[in-house]
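Written below as structure tokens is the structure these notes are about.
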Amino acid sequence: MRRALLLAFALTAAPRAHAFCGFFVGKADAQLFNKSSQVALVRDGERTVLTMSNDYQGPLSEFALVVPVPSVLTREQIHIGDRKLLERLDAYSSPRLVEYTDPDPCEVRERAVFPMSMPMAAGSMRSREMTDHAKAMGVTIEAAYTVGEYDILLLSAKQSEGLEAWLRESGYRIPAHASRALAPYVKQDMKFFVAKVNLKEQKKAGFQELRPIQIAYESPRFMLPIRLGMANAQGGAGFAGDGPEPKAKAGGSPQDLIVYVMTRNGRVESSNYQTVKIPSDAEVPEYVQKQFGEFYKAAFARTWKQHGQRAVVTEYVWNMGWCDPCAAPPMEARELRELGVFWLDSNGPAVRGGGMPITLTRLHVRYDAEHFPEDLMFQETGDQQNFQGRYVLNHPFRGEMKCEAREGYLESVRERRRREATTLASLTGWSVEKIRERMGPDAPPHADPWWKTLWKRP
Amino acid sequence: MQIAFLASFLAVGLSARDFPLWHAPLIFATALATQIVFTRLLRLPDAGLLSPVITSFGLTLLLRTDLLWIPPLAAFLAIASKFVLRIRGRHFLNPANFGLCACMLITPHAWCSPAQWGEGPLLLLWVLALGCMVAHRAFRSDVSLAFLGSWILLRAARVLYLGQRAPVLLHQLESGSLLLFTFFMISDPKTTPRGRAARLGFAGCVAALAFALQHVAYARNPIIWALFLCAPLVPLLDWFEETLASTKEQPCAALYSWPSR
Numbered sequence: 002m003r004r005a006l007l008l009a010f011a012l013t014a015a016p017r018a019h020a021f022c023g024f025f026v027g028k029a030d031a032q033l034f035n036k037s038s039q040v041a042l043v044r045d046g047e048r049t050v051l052t053m054s055n056d057y058q059g060p061l062s063e064f065a066l067v068v069p070v071p072s073v074l075t076r077e078q079i080h081i082g083d084r085k086l087l088e089r090l091d092a093y094s095s096p097r098l099v100e101y102t103d104p105d106p107c108e109v110r111e112r113a114v115f116p117m118s119m120p121m122a123a124g125s126m127r128s129r130e131m132t133d134h135a136k137a138m139g140v141t142i143e144a145a146y147t148v149g150e151y152d153i154l155l156l157s158a159k160q161s162e163g164l165e166a167w168l169r170e171s172g173y174r175i176p177a178h179a180s181r182a183l184a185p186y187v188k189q190d191m192k193f194f195v196a197k198v199n200l201k202e203q204k205k206a207g208f209q210e211l212r213p214i215q216i217a218y219e220s221p222r223f224m225l226p227i228r229l230g231m232a233n234a235q236g237g238a239g240f241a242g243d244g245p246e247p248k249a250k251a252g253g254s255p256q257d258l259i260v261y262v263m264t265r266n267g268r269v270e271s272s273n274y275q276t277v278k279i280p281s282d283a284e285v286p287e288y289v290q291k292q293f294g295e296f297y298k299a300a301f302a303r304t305w306k307q308h309g310q311r312a313v314v315t316e317y318v319w320n321m322g323w324c325d326p327c328a329a330p331p332m333e334a335r336e337l338r339e340l341g342v343f344w345l346d347s348n349g350p351a352v353r354g355g356g357m358p359i360t361l362t363r364l365h366v367r368y369d370a371e372h373f374p375e376d377l378m379f380q381e382t383g384d385q386q387n388f389q390g391r392y393v394l395n396h397p398f399r400g401e402m403k404c405e406a407r408e409g410y411l412e413s414v415r416e417r418r419r420r421e422a423t424t425l426a427s428l429t430g431w432s433v434e435k436i437r438e439r440m441g442p443d444a445p446p447h448a449d450p451w452w453k454t455l456w457k458r459p
Numbered sequence: 016m017q018i019a020f021l022a023s024f025l026a027v028g029l030s031a032r033d034f035p036l037w038h039a040p041l042i043f044a045t046a047l048a049t050q051i052v053f054t055r056l057l058r059l060p061d062a063g064l065l066s067p068v069i070t071s072f073g074l075t076l077l078l079r080t081d082l083l084w085i086p087p088l089a090a091f092l093a094i095a096s097k098f099v100l101r102i103r104g105r106h107f108l109n110p111a112n113f114g115l116c117a118c119m120l121i122t123p124h125a126w127c128s129p130a131q132w133g134e135g136p137l138l139l140l141w142v143l144a145l146g147c148m149v150a151h152r153a154f155r156s157d158v159s160l161a162f163l164g165s166w167i168l169l170r171a172a173r174v175l176y177l178g179q180r181a182p183v184l185l186h187q188l189e190s191g192s193l194l195l196f197t198f199f200m201i202s203d204p205k206t207t208p209r210g211r212a213a214r215l216g217f218a219g220c221v222a223a224l225a226f227a228l229q230h231v232a233y234a235r236n237p238i239i240w241a242l243f244l245c246a247p248l249v250p251l252l253d254w255f256e257e258t259l260a261s262t263k264e265q266p267c268a269a270l271y272s273w274p275s276r
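Here the protein sequences line up with chains X and R, keeping their order.
Going by the numbering used here, the letters in the first sequence line up with residues 2 to 459, in that order.
Going by the numbering used here, the letters in the second sequence line up with residues 16 to 276, in that order.
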């Protein structure tokens with residue numbers, strides 16, 4: 002298997018075109034980032050396991066997924082996973098808020114730490130006729146399986162135009178000019194993994210939501226195809242289908258993709274886009290506790306803009322054997338194995354408190370066609386330094402203080418709040434005035450102008 | 016000039032908090048110390064410290080690691096290679112390239128992040144303009160340009176073949192490490208062949224090998240490895256050219272000087 006797997010795009014004919022330009026679609030109301038997709042990528046050597054989670058909310062009959070793959074996958078290489086696994090990964094690795102409460106300044110004791118987490122969630126057609134028709138268009142149905150609630154086809158194509166036409170004629174709703182996005186994969190002799198929901202099986206299984214599709218393959222290339230997902234985000238491409246074609250007005254509005262990469266040796270970064278770390282370990286005002294989602298969205302957007310909207314943002318890098326603070330209970334060996342960490346012995350107990358031969362890197366990509374012209378390529382580095390998006394709240398001591406240290410302490414709190422307001426402003430791009438307003442009674446008094454004490458007599 | 020350019024590159028890297036602060040001083044100190052010690056030990060004429068400084072810049076900008084001992088090791092290997100690994104009295108391995116590759120071979124804790132400087136097109140233009148000047152000053156712009164030209168041609172051919180759009184090509188060329196490599200690594204006059212034709216051929220070889228490494232072997236950092244692997248060609252090409260020159264001269268010498276002997 003020489004060729005890399007290339008990722009997917011959701012082909013749907015949902016009328017809200019802009020909400021479906023990616024290969025996965027987020028729940029706008031429940032998730033922090035709209036239009037977000039989540040992918041778990043497990044890799045060691047050339048062995049790769051990809052889990053693609055899908056928050057598709059439209060009519061199931063219209064759901065379709067196309068993933069370019071390096072070779073024709075056998076039935077055993079395809080598995081339907083549990084949505085909970087990605088939810089667990091998300092909760093475990095999402096940027097977190099930790100809070101500290103100041104001790105009574107009149108007493109000397111240890112600081113208590115209360116970690117808090119803020120999870121940020123992230124028709125069967127096997128007839129002879131169909132096969133012959135496909136062949137006439139240069140498309141070969143290499144294999145067909147029903148796995149769980151999905152009907153899966155593995156296609157090879159001689160020409161991207163033929164493939165586009167065939168997909169469209171077979172009822173897959175694909176964007177106009179999809180052949181342009183498909184062409185490079187066809188030229189590289191990739192196969193296409195195409196999935197539709199089998200409504201009968203879906204009913205039988207009784208799952209309300211679509212479960213993630215997992216595929217295992219070998220490929221020397223460590224990458225994630227995102228180009229197909231942008232096929233209809235390029236300048237208002239329409240959707241094919243019956244009836245009037247709704248136009249995507251978004252013209253390439255960016256999509257969020259969260260990639261959880263699990264490797265054996267160390268942090269993963271992109272080798273063809275700049276990889277930056279989200280500013281972390283910053284002390285922010287107390288009110289952020291109530292608006293952490295809003296805060297993090299602003300902080301992410303600012304980092305993304307500061308790097309020309311072209312960077313991949315690292316949100317978490319940690320050995321999976323431990324966490325500090327843990328935003329969610331650590332993953333169990335069984336769950337990791339389920340996600341595809343094949344080098345882990347699922348029978349053995351997960352090592353706690355020490356290292357485990359798994360590093361989890363959480364990468365957040367906000368991409369559009371203009372700024373991400375190429376698929377995402379990755380490389381594993383030997384870097385084992387842990388990193389997490391971590392923001393710190395300091396609660397002042399609110400009890401009664403009866404000692405000389407009181408004044409000094411209160412002044413230090415005011416000073417800290419001033420600092421926190423400035424930090425928050427620089428992290429999010431919000432104005433200091435707006436922040437002060439939101440801080441309410443906690444807002445520190447404005448510092449005196451410098452001349453106020455210039456000629457002040459002692 | 017070259018130093019100013021590399022220093023500004025370094026400043027960009029530091030401001031992006033791309034690598035820890037301790038990285039650079041360790042590399043510079045080790046490289047300078049190694050140069051001085053070898054020069055004294057071997058009783059060589061003082062060649063100045065410009066060369067180790069430039070090597071240090073190259074290493075600081077390209078080498079990434081999470082271990083404290085790797086940067087000094089890379090700097091030591093880079094400078095020591097100049098004095099130890101010599102063929103026909105000339106070192107043939109690009110010091111920074113050798114230091115980097117040796118460390119990447121020794122430990123997975125050394126790596127190179129090719130996309131680390133981001134892709135501001137303005138920055139790129141600026142870098143390109145300055146880079147050309149530096150390369151020109153070193154009178155080796157032919158290697159840089161030959162390499163860059165072949166690399167762009169190969170890349171463009173692939174983009175065309177795959178039916179991709181022009182921004183893909185631009186994106187592939189907007190890489191900090193490509194520029195650094197082109198103008199500060201492969202352009203090193205000490206480690207490229209002496210003859211112009213050989214130099215151009217060498218640059219083409221590096222580009223072709225890098226392309227093959229990337230698309231056939233799917234290697235990471237293909238250009239860095241390609242230079243490393245092509246390095247033995249330098250003494251070979253020099254030897255070939257000298258031999259060729261001497262065989263060309265010999266018949267004439269025989270014709271005109273032999274009767275008088």
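Backbone N, C-alpha and C define an ideal beta-carbon position, used for all residues, glycine too.
Neighbour list for residue i in chain X, Cβ cutoff strictly below 9 Å
i, result
"Q229/R", "Residues of chain X passing the Cβ test: none, with the nearest at roughly 10 Å."
"R170/R", "Here the premise fails: no neighbours, minimum Cβ distance about 11 Å."
"P182/R", "A370, E371, P374, E375"
"D81/R", "G267, R268, T382, G383, D384, Q385, Q386"
Presumed contact (8 Å Cβ cut-off) between residue i and residue j, rounded CB distance
i, j, result
"R89/X", "A329/X", "7 Å"
"L229/X", "V67/X", "7 Å"
"A93/R", "A46/R", "7 Å"
"T141/X", "L164/X", "10 Å between Cβ atoms; not a contact."
"R48/X", "F223/X", "Wrong, their Cβ atoms sit about 11 Å apart, outside the cutoff."
"R415/X", "P446/X", "7 Å"
"G430/X", "P96/X", "Contact flag wrong, Cβ pair sits at about 17 Å."
"Q50/R", "P67/R", "4 Å"
"T122/R", "I85/R", "7 Å"
Buried or exposed (CB count within 10 angstroms, at least 16 for buried), residue i
i, result
"P185/X", "buried"
"L163/R", "buried"
"R437/X", "buried"
"G46/X", "exposed"
"R79/R", "buried"
"P106/X", "buried"
"G341/X", "buried"
"K453/X", "exposed"
"E257/R", "exposed"
"P247/R", "exposed"
"D203/R", "buried"
"W132/R", "buried"
"G294/X", "exposed"
"V99/R", "exposed"
"V231/R", "exposed"
Chain X residues whose Cβ lies nearer than 8 Å to that of residue i
i, result
"L177/R", "A184, P185, K188, Q189"
Residue(s) in a DSSP beta bridge with residue i
i, result
"D45/X", "R48/X"
"N320/X", "T360/X"
"V68/R", "DSSP lists no partner for V68/R."
"I216/X", "L51/X, I79/X"
"I175/X", "The partner list for I175/X (beta bridge, DSSP) is empty, contrary to what the question assumes."
"Y151/X", "V148/X, V198/X"
"A422/X", "Note: A422/X sits in no beta bridge, so no partner."
"C127/R", "L78/R"
Contact list for residue i against chain X, beta-carbon separation under 7 Å
i, result
"S128/R", "E270"
"H124/R", "G383"
"H186/R", "P374, E375"
Contact list for residue i against chain R, beta-carbon separation under 7 Å
i, result
"Y274/X", "A130"
Amino acids of chain R, ordered along the chain, whose beta-carbon sits closer than 9 Å to that of residue i
i, result
"R1/X", "Past the boundaries of the shown model lies residue 1/X; chain X is included only from 2 to 459, so the question cannot be answered."
Any 3 or more C-beta pairs closer than 8 Å across the segment 170-177 of chain X and the segment 215-224 of chain X:
no
Stretch-stretch touch, CB-based, cutoff 8 Å, three pairs: the segment 252-269 of chain X with the segment 405-423 of chain X:
No, they do not touch.
Are three or more beta carbon pairs between the segment 392-402 of chain X and the segment 278-292 of chain X nearer than 8 Å?
yes
Is the segment 85-102 of chain R in contact with the segment 184-201 of chain R, if contact means three or more CB pairs nearer than 8 Å?
no
Mind the definition here: the segment 174-182 of chain R touches the segment 259-270 of chain X only if three or more C-beta pairs lie below 8 Å; say whether that holds.
no
Per the contact definition of three or more C-beta pairs closer than 8 Å, is the segment 237-247 of chain R in contact with the segment 101-114 of chain R?
yes
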